[in-house]
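Which chain is which? The protein sequence lines are L and Y, in order.
Each number in the numbering used here comes from the position in the first sequence (counting from 1) with 1105 added on.
Each number in the numbering used here comes from the position in the second sequence (counting from 1) with 731 added on.
This report refers to the structure that appears directly beneath it.
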Amino acid sequence: MSTRRMSYFEAAARARAAGLVDAGSLVEFCPPERRRTSPHLARLDAPVAFDDGLLAARATLGGHPVLLAAQEGKFNGGAVGEVHGAKICGLLRRAWAERPAAVLLLVDSGGVRLHEANAGLIAISEIMRGVLAVQAAGVPVLALVGGSCGAFGGMGIVTRLCDAVIMSEEGRLGLSGPEVIETVKGVGEFDARDRSLVWRVTGGKLRRALGEATALVEDDVAAFRAAALDCLQQARRASADLAALQAAQAALEARHANYPAARDGLEIWRAMGLADAERLPMLDAQEFNRRLAALDTERVQ
Amino acid sequence: MNFPAFPAQAWDGRLRNRAQRIQRAAPLASGRQVAPERIVALLEAVLEPGDRLCIEGNNQKQADFLARALVQTDPARVRDLHLVQSVLALPEHVDVIERGQVSRIDFSFSGPQAGRLARLVENGKITIGAIHTYLELFARYFVDLTPQVALVAAQAADREGNLYTGANTEDTPAIVEATAFKGGIVIAQVNEIVDRLPRVDIPADWVDFTVAAPTPHYIEPLFTRDPALISETQVLTAMIAIKGLYAEYGIRRLNHGIGFDTAAIELLLPTYAADLGLKGKICTHWALNPHPTLIPAIEAGFVQSVHSFGSEVGMERYVSARPDVFFIGADGNMRSNRAFCQAAGHYACDLFIGSTLQIDLDGNSSTATRGRIAGFGGAPNMGADARGRRHASPAWLRAGREARAGKAMPRGQKLVAQIVETFREHMEPAFVERLDAWDLAESAGMDLPPVMIYGDDLTHIITEEGIAHLLLCRTADEREQAIRGVAGYTPVGMGRDRRAVENLRDRGIIRRPEDLGIDPRLATRDLLAARNIKELVHCSGGLYDPPKKFRNW
């Protein structure tokens, strides 16, 4: 079909993973037929999934061996439970031992699964430790964020540990999700039902402009693949030495100083000097990236 | 000639009554203009007990300010009204009944207020004259339900009282013409009073009073369907409709319902239908509101003409920029007209396709459910064979040939299709032995069960199981098996006679997706020309400006 293209946002975890890597190269660990389901959900009489909402696999990307984990946002919002988390940790251990060209985390998660909160929290900390260990072993870890649940809570932190973060505008990244902020701080602080505001604050375009996402791509599995391949070829690794950490800290302080009272992505775009801030959400990724790049060039000069 | 001697009588009772009303109201107005704070008093002065009153409103624009004012009138003065209007949509429409000011209603549709209305009928608080179609009610405005007073809504008025109704002209011309030319009083709420109107939609001498409402009249974006919510089953049924019905009959002139099922068809035209080589061969002329989901088909050059019942919020700029397609005035803005578009849908279209809640074994379909008196608006006129039609078209002739095989006098027939999933929300089967409409008729004391589309008008049913060509059935029994044959795993579907259904399939009366060369596995959302509202905006070149609730940017 001439007009067919696969939306990353809408695709299920398996379809995303299969479309991302080299055709036919995906081999799954602990596949659904092993039925590693959540004991906690079963005890609560809640529905379980045979893969606990996570696909862990080996594959090749542009011929390079990679390991990947893909969260299924349609199962419990991609939330991290005990089995789900253990599968990611196991994958990271394997990466530490095997040293593939990269680890890909296809994040689509609201954070820890509340039904199994303690196990989920422990899992998140183990995943964070695993990511750092893999990176220390010289293997880049890439986060891809473009699903309907975004990357929030513990998975938001994990995403920011990664060497590169590839996002679409539809993908969202943050610590507390919009509903959580509204529940805790009130609708005056953040109106989670104002979808437009939610995306202007947590969506891929603001995250890219702030430098938290390293690449902004269209909502298209092929575009995510191209960006991941690009990361692999550049093999850029975020350094974790003292100088790099200090630079990151300085950047955060500068950001806080530059936009002390900003409550909306629009204000930040305006403050950055991006023309026509209201129209930015309508631009495709390529045009947005072009304008952002032009801005950086101006700054350098 | 010798006439018998008739007693002398006056012939201008209506005009004198009208003059009295105007006289009572005059002190409250400044010429034709009424200040918003005096509108309640003006209504009390103009209205008389027993009046037939029309509060303009459809499922789109609403004379909401005037409806709110009516609820504030003194029930001792304003009483015993007979509401004759398209919809009971606003809470105020029902409030005024609850306040005991209304004794009778004749209407077409009551969607959001259907539950309250049913309770009022059950408690004997109100008598329903009849539930009409839109066209039928407009027709009665000119026969026996002419309003004494009409409260209408317009975009703007000028100082003389000319009205500009713009893209949302809708029902206003029909209401005003009936009222003004039979001694009635027309009161218009407008969003603004200006020196010069873009154009005159209703001339000033048909309008008695204008009032600038403090807030613009409300318009519901009823025809906006977010493509993000279209299911893959709906993509499949859309593929079946395009290949098994539109391409098969070469349907060029048509009307669509407002559901997601038909939105999916609109979004498949520039992709799936174009790949089948159908551009220019199907779906060229429409009686349809400016559906945002039609934008990709228009941009792809599929669509040559669209006439509309009303407009759609956010589509104004896009529509104005496509004057070859839509009906645009010299001022550059669209004019809709519900009465004409209903007539167009009934007489000039070869196909109506829409959705329903229930279909019975005779093919009767209805959206009526117990405890809700809702009506069907325009659907029965769209979804009925036009018995008065005399002009031919290939699709109409073929449908007539198929439906009337063996009969001596050749005739055409309109194609009327229902497109449903076998199970709708909450796993309720769409196919039933007995429509809920029977229970509703009983509990509400109606003359007839409220049927939206009668089985003898229905020519096709499309479900994810395939398409049933009911017009090819020769006996009632065949027809029942054809319906059961596409009813899937519903009790009605499970009750089918397998051999009979296989026989119907061999004869091409039932066609499964595979019979049509459609692989259900290829029915994915990636086929939609736009998968969300934002892509519709992109497709429109930024001209479509969707309401906030549909935006996530």
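Heads up, the beta-carbon is just placed ideally off N, CA and C, and yes, glycines get one too.
Note that the structure is predicted; figures quoted are calculated from it, not measured.
query                                                                                                                   : result
Separation of Y/G1109 from Y/I1029, as counted between CA atoms                                                         : 24 Å
Interface flag, L/S1112 vs chain Y, CB-CB below 8 Å                                                                     : yes
For L/I1232 and Y/G990, the rounded distance between their alpha carbons                                                : 45 Å
Contact check, Y/A1254 vs Y/E829, beta carbons under 8 Å                                                                : no
Proximal residues of chain L, C-beta to C-beta of Y/K1279 below 9 Å                                                     : D1299, R1300 and S1301
L/L1219 classed as buried or exposed, judged by whether at least 16 other C-beta atoms fall within 10 angstroms         : exposed
The region 1286–1295 of chain L in contact with the region 1231–1249 of chain L per 3-pair CB rule at 8 Å               : no
Contacting residues, own chain, Cβ-Cβ under 6 Å from L/V1306 (five flanking each side not counted)                      : G1370
The region 1370–1395 of chain L: positions lying closer than 8 Å to chain Y by Cβ                                       : P1386, M1387 and D1389
Own chain, CB closer than 7 Å to Y/A800, minus 5 neighbours either side, in chain order                                 : I770, V771 and L774
Whole beta strand (DSSP E) elements within the region 816–898 of chain Y, 3-residue minimum                             : 833–840, 858–862 and 880–889
Assumed close pair L/V1236, L/L1197 - CB separation to whole angstroms, cut-off 8 Å                                     : 6 Å
Y/G1143 to Y/L1189 span [Cα, whole Å]                                                                                   : 14 Å
Contact between the region 933–949 of chain Y and the region 967–987 of chain Y (3+ Cβ pairs under 8 Å)                 : no
Minimum C-alpha distance to Y/Q1212 - residue among Y/A909, Y/G762, Y/E1164 and Y/G1085                                 : Y/E1164
The region 1237–1244 of chain L contacting the region 1195–1211 of chain L, beta-carbon criterion three pairs below 8 Å : yes
Buried or exposed (CB count within 10 angstroms, at least 16 for buried), Y/G975                                        : buried
Straight-line gap, L/H1145 to Y/M1225 (C-alpha atoms, nearest Å)                                                        : 38 Å
Y/I1214 to Y/T864 span [Cα, whole Å]                                                                                    : 27 Å
Cβ-based neighbour list, Y/G1076, same chain, cut-off 6 Å, excluding 5 preceding and 5 following                        : N986, A1018 and M1113
Positions along the region 1183–1194 of chain L whose CB lies within less than 8 Å of some CB in chain Y                : none
L/W1304: contacting residues in chain Y (beta-carbon distance under 8 Å)                                                : N1283 and W1284
First and last residue of the uninterrupted alpha helix (DSSP H) at Y/E1209                                             : A1207 to G1216
Through-space distance from Y/E1195 to Y/D992, alpha-carbon basis                                                       : 11 Å
Residues within the region 1259–1273 of chain Y neighbouring chain L, beta-carbon criterion of under 8 Å                : A1260, R1262, K1265, V1268, H1269 and G1273
Below-8 Å beta-carbon distance, L/E1115 vs any chain Y residue                                                          : yes
Close-in-space but distant-in-sequence residues of the same chain around Y/A1175 (CB under 8 Å, 5 per side omitted)     : A849, V852, E853, I859 and I1104
DSSP-derived helix/strand/coil call for L/G1186                                                                         : coil
N-terminal and C-terminal residue of the beta strand (DSSP E) that Y/C785 is part of                                    : R783 to I786
Three CB pairs or more closer than 8 Å across the region 1114–1134 of chain Y and the region 873–888 of chain Y         : no
Residue burial classification, Y/M1158 (beta-carbon count within 10 angstroms, cutoff 16)                               : exposed
Y/R681: contacting residues in chain L (beta-carbon distance under 9 Å)                                                 : A question about residue 681 of chain Y goes unanswered here, because the residues of chain Y that appear run from 732 up to 1284.
Unbroken beta strand (DSSP E) run spanning Y/S1036, endpoints                                                           : S1036 to H1038
C-beta neighbour in chain L for Y/D1257, strict 8 Å                                                                     : yes
CA-to-CA distance, Y/L1088 to Y/P1160, given in whole angstroms                                                         : 9 Å
Euclidean distance between Cα positions of L/G1186 and L/K1192                                                          : 10 Å
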